[in-house]
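Protein chains in written order, with my numbering: chain A, 9 to 167; chain B, 4 to 227. Read through the structure below, which is laid out as C-alpha cells, and then see the notes.
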Amino acid sequence: MMPILNIGPLAIQLPGLLLIVGLYLGLWLAERYSMRYRIQPNALYNIVFIALIFGILGARLFYIFRSPEMFTGNLTSIVSLNYAMLDPFGGIITAAISCLIYGQRKKLPFWSTLDALTPILAVFAIALGTAHFSSGSAFGMATDLPWGIELWGTKRHPS
Amino acid sequence: MISKKNGLSRIGYANREEKFLDIRLNTFYTCENMKQVFSKYGNLIILFTFLFGSGWIWISRNPDSVNDPVKITAPQKGFLAPDLSLPDTNGEIITLSELRGQIVILNIWASWCTPCRAEMPAMQRIFKEKESQGLIVLAVNATNQDDQVSAINFANEIGLTFPIVFDETGEISRKYQVRALPTSFFIDQAGVIQKVVIGGPMSEALLKIEIEKLLVKQKESKSP
C-alpha cells in the first residue's frame with residue numbers, strides 16, 4: 009500500500025495518478041489500433057470524454073435520487089465537490105447510455121467500436137486494480153498463503 | 004535475405020507488410036490447429052479446467068481463523084475504529100471505546116485548514132439536531148500541526164458545542180493514516196467504521212445521508 013508518492017516537497021495522490029496514466033495509456037493504445045476496425049481515433053476520444061462527463065453527472069444524480077429529501081433544504085449540496093457523493097453504479101449506467109446514444113447519432117458500427125475500445129477498458133482495468141492496491145481500499149480476503157500481503161491488520165490476498 | 008530496415012531484424016522479411024502477412028497466416032494456422040485439438044480433446048480440456056479451477060479456489064479459500072474483519076482495528080470501512088484517549092478543552096480525557104452504543108463522527112481537522120472550517124457549521128447543526136438520537140461528533144484537532152489556542156478560538160467563534168480533543172503528538176493522525184485534512188470517519192454503535200470521507204468540506208446533505216444510514220442500522224440492531 010502506497011497512497012502518497014513523495015517526490016521532494018511534492019505529495020502526489022498515487023491512486024489518482026495511476027488512473028490518469030491508465031486512461032492515457034489505454035487511449036494511446038486504442039488510437040494505434042483503431043484504424044484496424046475502421047474507427048477514427050477522434051471518435052474514441054469523444055466517447056471517452058462523453059463517458060467521463062456523463063458518468064460523473066449520472067453518479068451525482070443517482071446519489072441525489074436515492075435520498076432527495078436530504079437535498080430539499082440544501083440545494084448547494086447538489087454541486088458539492090466531494091467525491092463521496094457519487095453513486096458508482098449510476099455513473100456506469102449513465103456513461104454507457106450516453107456513449108450508446110453518441111455512437112448511434114454518429115452512426116458508429118456497434119461491435120467494431122467496442123473492439124476499438126477494448127484496449128482502453130483493458131488497460132484501465134489494470135490501472136484500477138493497481139490504484140486499489142496502492143490505496144488499500146479494495147483489499148482481498150485474509151489468507152495465510154505465500155502471496156498474501158500485510159494489509160489492514162492481517163495477511164491478505166492482494167486486491 | 005536479412006533486412007534491418009524499419010527495425011526488422013528477423014531473416015526473411017523484406018518489409019512490414021510481408022511480416023504482417025506472415026503473422027496473420029501463422030495466426031490462422033494456429034487457430035486451425037487449436038480447433039482440431041479442441042474437437043479431439045474438448046471434453047478433457049473442459050474437465051481439466053474445471054478440476055484445476057476448483058482446486059485453485061479450494062487452495063485459495065478463506066481460512067476461518069482470520070475471517071472476521073470486525074475483530075481487527077484499522078482506519079478502514081468495515082473494521083473496528085482504532086481506540087483513542089485524548090484531552091478535551093477542559094482537560095478531561097475522552098476515550099472513543101467508551102462511546103460505544105452511540106454513533107460517532109470522528110473528524111480530524113486543523114484550524115488553519117479552510118475546508119475543515121467550512122464544514123464545521125454543518126456538523127454543529129447536525130449534532131444539535133441528532134444529539135438526542137445518540138449522535139456524537141468528536142473533533143480531533145491535529146495539534147501537532149496546529150495550535151490549541153487557535154483551535155479553541157475558532158470553536159468559540161462559531162459556537163461549537165461538540166467535544167474537541169487535542170492530538171498533541173500526532174499519534175492519532177498516524178494511527179488513522181490521515182492523508183488529508185479534514186478526514187472524517189463515520190462509526191456505528193458497535194465501534195465499526197462505516198464510511199471514510201477524505202477531504203472536504205462535506206456538505207450537509209452528505210452528513211445527513213450517512214448519519215441517517217447509521218441511525219437506521221442502530222434501530223434495526225435494537226429491535227428484536
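Where is the CB? At the ideal position from N, CA and C, for every residue including glycine.
Between the CA atoms of residue j and residue i - distance to the nearest angstrom
i         : j         : result
ALA38(A)  : ALA124(A) : 6 Å
LEU83(A)  : SER153(B) : 32 Å
PRO127(A) : LEU136(A) : 14 Å
LEU163(B) : MET123(B) : 8 Å
ALA104(A) : THR33(B)  : 35 Å
GLY58(B)  : PHE41(B)  : 23 Å
ILE161(B) : MET93(A)  : 26 Å
PRO23(A)  : VAL200(B) : 16 Å
PRO185(B) : ILE175(B) : 13 Å
GLN9(A)   : SER143(A) : Residue 9(A) is actually Met in this sequence, not Gln. Spanning the two alpha carbons is a distance of roughly 6 Å.
GLN127(B) : THR52(B)  : 59 Å
PHE97(A)  : PHE73(A)  : 13 Å
ARG164(A) : GLY156(A) : 5 Å
GLU35(B)  : ILE20(A)  : 50 Å
ALA125(B) : GLN151(B) : 22 Å
LEU87(B)  : ALA158(B) : 21 Å
LEU89(A)  : VAL195(B) : 26 Å
Own chain, CB closer than 8 Å to residue i, minus 5 neighbours either side, in chain order
i         : result
ILE139(B) : LEU102, GLN105, ILE106, VAL107, ILE108, PHE130, PHE165, PRO166
GLY30(A)  : VAL131, PHE132, ILE134, ALA135, LEU136, THR138, ALA139
ILE75(B)  : PHE82, LEU83
THR162(A) : ALA150
ILE12(A)  : ALA19, ILE20, GLN21, LEU22
Neighbourhood of residue i by C-beta, 6 Å cutoff - its chain only, sequence neighbours within 5 removed
i         : result
LYS178(B) : PRO85
GLN221(B) : GLN192
VAL143(B) : ILE111, VAL168, ASP170, ILE175
GLY202(B) : ALA183
LEU99(B)  : ASP86, LEU87
GLU158(A) : none
Beta bridge counterpart(s) of residue i as assigned by DSSP
i         : result
PHE53(B)  : The partner list for PHE53(B) (beta bridge, DSSP) is empty, contrary to what the question assumes.
GLU158(A) : LYS163(A)
ILE201(B) : THR186(B)
LEU109(B) : LEU141(B), PHE188(B)
PHE169(B) : ASN144(B)
GLN21(A)  : ILE12(A)
ASP91(B)  : VAL168(B)
ALA150(A) : ARG164(A)
VAL195(B) : LEU83(B)
THR76(B)  : LEU83(B)
Same chain, Cβ closer than 7 Å to residue i, five either side skipped, listed in chain order
i         : result
ALA113(B) : CYS119, ASN144, ALA145, GLN148, ASP149, LEU184
ALA107(A) : Here residue 107(A) turns out to be Cys, not Ala, going by the sequence shown. So the list reads ILE55, ILE58, ALA59, once near-sequence residues are dropped.
ALA51(A)  : LYS114, LEU116
LYS133(B) : ILE214
Residues in the region 158-192 of chain B with C-beta within 7 Å of chain A's C-beta atoms, listed in sequence order? ARG182
According to a CB-to-CB cut-off of less than 9 Å, which residues of the region 11-24 of chain A neighbour chain B? Taking 9 Å as the Cβ-Cβ cut-off against chain B, the residues of the region 11-24 of chain A that qualify are PRO11, ILE12, ALA19, GLN21.
Quick check: the region 41-53 of chain A against the region 113-120 of chain A, are at least 3 beta-carbon pairs closer than 8 Å? yes
Contact between the region 205-214 of chain B and the region 73-89 of chain A is defined here as three or more beta-carbon pairs at a separation below 8 Å; is this criterion met? yes
Short-range partners of chain B found in the region 87-107 of chain A, where Cβ spacing is below 7 Å: SER88, ASN90, ALA92, MET93
Near-chain A residues of the region 125-159 of chain B - C-beta to any C-beta below 7 Å: Taking 7 Å as the Cβ-Cβ cut-off against chain A, none of the residues of the region 125-159 of chain B qualify.
Are the region 28-43 of chain A and the region 146-163 of chain A in contact at 8 Å, needing three or more beta carbon pairs? no
Taking Cβ-Cβ distances below 7 Å as the criterion, which residues of the region 205-216 of chain B are in contact with chain A? MET205, SER206, GLU207, ALA208, LEU209, LYS211, ILE212
Between the region 73-87 of chain B and chain A, which residues of the former have CB atoms less than 7 Å from a CB of the latter, in chain order? ILE75, THR76, ALA77, GLN79, PHE82
Taking only beta carbons into account, state which residues of the region 94-115 of chain B come closer than 8 Å to chain A, listed in chain order. none
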